[in-house]
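2 protein chains.
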Amino acid sequence: MGLTKAEIFTDEQNRMATMLKALAHPARIAILQQIISANACICGELVEELGLAQATISQHLKELKNAGIIQGTIEGVTVCYCIEPKVWERLKSDLAVFFASYNEPKSCC
Amino acid sequence: MGLTKAEIFTDEQNRMATMLKALAHPARIAILQQIISANACICGELVEELGLAQATISQHLKELKNAGIIQGTIEGVTVCYCIEPKVWERLKSDLAVFFASYNEPKSCC
DNA sequence: CAAATCAATCGTAATATTGCAATAAGTCAA
DNA sequence: TTGACTTATTGCAATATTACGATTGATTTG
Chain A
1 MGLTKAEIFT DEQNRMATML KALAHPARIA ILQQIISANA CICGELVEEL GLAQATISQH
61 LKELKNAGII QGTIEGVTVC YCIEPKVWER LKSDLAVFFA SYNEPKSCC
Chain B
1 MGLTKAEIFT DEQNRMATML KALAHPARIA ILQQIISANA CICGELVEEL GLAQATISQH
61 LKELKNAGII QGTIEGVTVC YCIEPKVWER LKSDLAVFFA SYNEPKSCC
């Protein structure tokens, strides 16, 4: 169907999956790495750095923005993107909790 | 197109995106939580726990297995799934590094 | 061996995603 | 106001994903 049955899962599971999906593309990973390494923000330099069309980059930025991971501020002609600290920290800690919930193999198949 | 241009990204970015994509579905999050909380392993109990058809669960398990996150062992008639410790730990640490690469807002838009 | 049981696979339908060209929309500078 | 420039949006085309019924394959039990 291509349609997730969101109603049978918990809010936590849905939220987590949504955030992970926003990250689950190499272009979006690359965009985030660029934004982070440029310390402050970036705009259409992303189009030059990555080898994708402007429309494509804009679309990926939109998805990251929809997930709340980044924030975009219009600065004259350009748009400045940066990490949304609270969402970033929350996701970071949610993932840490999730991954910590598995504690080594005691006995297994 | 629906086809990612994997060749323009680094191996690291592609690998990370692939792993995240494997996690990026509420059913797969739920499956992993079940496997973890059942301490050892599980099999078709997942079909009962989650409200999805057997074929659907099997498909999700296959994706997790393809990503290397879980491992399945045939035990008679049933199949026992469990976390693959090494892959789990590696992903855990890769994500920790990724999320730690952003250190609070110094000055931003 | 036959029946029962469990899981994987196949086939199909209904979306979703990715990527881009073309175009629109916004802002600055002259 | 008119260009020039930057980003967003629209409209495709080409896959990919999600879900399930039906079937197949493997294994145990009667």
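Protein sequences appear in the order of chains A and B.
Heads up, the first sequence is in UniProt numbering, so the first residue is 1 and it goes up one at a time.
Heads up, the second sequence is in UniProt numbering, so the first residue is 1 and it goes up one at a time.
For glycine and all other residues, C-beta sits at the position ideal for the given N, C-alpha and C.
Only a predicted model underlies this, so the values are computations on that prediction, with no experimental measurement involved.
Item                                                                                                                    : Value
Spatial neighbours of residue 67/A in its chain, beta-carbon cut-off 7 Å, leaving aside the 5 residues before and after : 18, 19 and 22
At least 3 beta-carbon pairs within less than 8 Å: the stretch 25-45 of chain B vs the stretch 74-85 of chain B         : yes
Proximity test, Cβ basis, 8 Å: residue 50/A and chain B                                                                 : yes
Contact set between residue 13/B and chain A, taken where Cβ atoms lie within less than 7 Å                             : 26, 29 and 30
For residue 42/A, the first and last residue of its enclosing beta strand (DSSP E)                                      : First-last for residue 42/A: undefined, no H or E at that position.
Bridge partners - residue 75/B, DSSP secondary structure assignment                                                     : 78/B
Chain-ordered chain B contacts of residue 62/A [CB-CB under 9 Å]                                                        : Within 9 Å Cβ-Cβ: nothing; residue 62/A doesn't reach chain B, min ~17 Å.
Spatial distance of residue 104/A from residue 88/B (CA atoms)                                                          : 10 Å
Within chain A, the residues that residue 21/B reaches when beta carbons sit closer than 7 Å                            : 24
Test: residue 104/B CB closer than 8 Å to a CB of chain A                                                               : yes
Proximity below 8 Å, CB of residue 28/A to CB of residue 52/A                                                           : no
Euclidean distance between Cα positions of residue 31/B and residue 95/A                                                : 16 Å
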